[in-house]
Amino acid sequence: MPRDKGINKLLTALSKPMDTSGAFWIGLHDQRKEGQFEWIDGDSIGEYNLWNPGEPNNANSGEHCVQTVYPDPFGWNDASCQQSLPFICQIVTGAFNEKGYEKLHGMYYKAFDEPKSFIGAAAICRLDGATLAMPRDKETNDILNTFFQSVSESGAFWIGLHDQQEEGQFEWLDGYSLAEYNAWHPGEPNNSLGEEDCAQAMLLYTVGTFGWNDISCHQALPFICQIHPGCPDGFTKFSGACFKAYHPIVSYHQARQFCAMKGGLLAMPKDKTTDDFLLQLKNKADRWHYFWFGLSDENSEGQWVWEDGEILYQDTPWSDWREGEPNNRYGDEDCAHYSPQAWPGWNDILCSRKVAKFICQTKEY
1 MPRDKGINKL LTALSKPMDT SGAFWIGLHD QRKEGQFEWI DGDSIGEYNL
51 WNPGEPNNAN SGEHCVQTVY PDPFGWNDAS CQQSLPFICQ IVTGAFNEKG
101 YEKLHGMYYK AFDEPKSFIG AAAICRLDGA TLAMPRDKET NDILNTFFQS
151 VSESGAFWIG LHDQQEEGQF EWLDGYSLAE YNAWHPGEPN NSLGEEDCAQ
201 AMLLYTVGTF GWNDISCHQA LPFICQIHPG CPDGFTKFSG ACFKAYHPIV
251 SYHQARQFCA MKGGLLAMPK DKTTDDFLLQ LKNKADRWHY FWFGLSDENS
301 EGQWVWEDGE ILYQDTPWSD WREGEPNNRY GDEDCAHYSP QAWPGWNDIL
351 CSRKVAKFIC QTKEY
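Take the sequence shown: its position 259, counted from the start at 1, is 259 in the UniProt record's numbering, and no numbers get skipped.
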């Protein structure tokens, strides 16, 4: 998605080793509404564009996807989506990476060098949907020690272990008890002065290795936050994707925009199994209300297109329309929704009506 001049130049340079015959696809289209071009992540085209003179022209009323053409004239052109062209894929950096997290040993970690109390450090981690790091095995413990030394000169950092509930009964911040593995320094934990209820990983300079030590929870130390890969906070994993029902009552396009802000799309029940799951999810959230999902025929009446661009009945054969639906009542019902629990099945409705809650869908991290 070349949203600026620099990215557009980069993509053109990347395309040159390919057999492009002078053109390749970019992730821009107006399949939902003629002339309203948007990127495939749902964002509108914005101010920057590189249309060739006279483009886009929707020649023969069948050009709804965009190619970059070069070398002369160099720029964008709308073309039939059925045309076969080379293409370049783009991977969006995950949300955790954007926050500075690094993936190590199947987890995402971020080191913070500014000292905080145990409670303060845990609170900062929670802002990212994370916890203080919990090294439950030797491999993870060694990885965290090495990782911390690579970003900080401090000799100690908080780990997510404490016995604040009951003296001597150490547990991880997720509630699990300390199991067989531990890395306590000799003589630790000792609850010195009767007030050491939180655990740090501390470099023992005499032997040059990190080990654990109990210490006052009020002491300020650097720390490492940990996020388990999977679904974003509040989303439910199902069939390789993540879903969440939201309660604001909005129009279809507002719901689409909200899901895009969360890095996803409106949910797409392309098969009965997913549809059954989404019905349960929305009924659990509110069984009395309408819910948008990601299917519309705004661009061409009767051709229903999923939010990811796949076409109903062409790419995905299954559907669950209520009897007599979709009926395009009054000639302007172009978006699909779930009805309240008492009326199961899909129905088409005016996209601009602010009558429905919605379900977002995103990928696992």
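Just so it is clear, CB atoms sit at the ideal spot from N, CA and C, and this is done for glycine as well.
Owing to the predicted nature of the structure, the values given are computational and were not obtained by experimental measurement.
{"Asked": "Using DSSP's beta-bridge definition, name the partner residues of N77.", "Found": "Q67"}
{"Asked": "If T362 sits next to F235, beta carbons under 8 Å apart, how far is it from one beta carbon to the other, in whole angstroms?", "Found": "7 Å"}
{"Asked": "P317 to H64, Cα distance in whole Å?", "Found": "22 Å"}
{"Asked": "DSSP on H185, reduced to helix/strand/coil?", "Found": "coil"}
{"Asked": "So, are the CB atoms of L104 and M134 less than 8 Å apart?", "Found": "no"}
{"Asked": "In the DSSP assignment, find the unbroken alpha helix (DSSP H) run with T274 in it and report its ends.", "Found": "K272 to D286"}
{"Asked": "So is A123 buried or exposed if we call it buried at 16+ other beta carbons inside 10 Å?", "Found": "exposed"}
{"Asked": "If we call anything under 8 Å between Cβ atoms a contact, is N77 one with Q67?", "Found": "yes"}
{"Asked": "According to DSSP, is V92 part of a helix, a strand, or is it coil?", "Found": "Note that V92 has pLDDT 48, beneath the 50 cutoff, so the model's placement of it is unreliable and no number is given."}
{"Asked": "Can you name the start and end residues of the beta strand (DSSP E) that V151 belongs to?", "Found": "Here V151 belongs to no beta strand (DSSP E); instead the alpha helix (DSSP H) covers K138 to V151."}
{"Asked": "Taking the alpha carbon of D128 as the reference point, which residue from N299, I227 and A23 has its own alpha carbon closest?", "Found": "I227"}
{"Asked": "Near D233, what residues of its chain come up, given a Cβ to Cβ distance below 8 Å and the 5 sequence neighbours on each side ignored?", "Found": "G129"}
{"Asked": "Is residue 370 helix, strand or coil when you go by DSSP?", "Found": "As shown, the chain starts at 1 and ends at 365. That puts residue 370 outside it, with no answer to give."}
{"Asked": "Between K110 and Y176, what straight-line distance do the alpha-carbon atoms span, to the nearest angstrom?", "Found": "22 Å"}
{"Asked": "Which of the three DSSP states, helix, strand or coil, is assigned to M261?", "Found": "helix"}
{"Asked": "What are the start and end residues of the beta strand (DSSP E) that includes A156?", "Found": "A156 to H162"}
{"Asked": "Using the Cβ count rule (16 or more neighbours within 10 Å means buried), how would you classify M202?", "Found": "buried"}
{"Asked": "Quick one, which of E139, Q219 and F74 has its alpha-carbon nearest G106's?", "Found": "E139"}
{"Asked": "Per DSSP, which one or two residues make a beta bridge with Q200?", "Found": "W158 and N213"}
{"Asked": "Near H218, what residues of its chain come up, given a Cβ to Cβ distance below 7 Å and the 5 sequence neighbours on each side ignored?", "Found": "S117"}
{"Asked": "Quick one, are the C-beta atoms of F3 and S296 less than 8 Å apart?", "Found": "The question names Phe, but residue 3 in the sequence shown is Arg. Not closer than 8 Å, so no."}
{"Asked": "Compare the beta carbon distance of E307 and M268 with 8 Å and say whether it is the shorter of the two.", "Found": "yes"}
{"Asked": "Does the separation of the CB atoms of E333 and I349 fall below 8 Å?", "Found": "yes"}
{"Asked": "Specify the secondary structure class of Q226 as computed by DSSP and reduced to three states.", "Found": "strand"}
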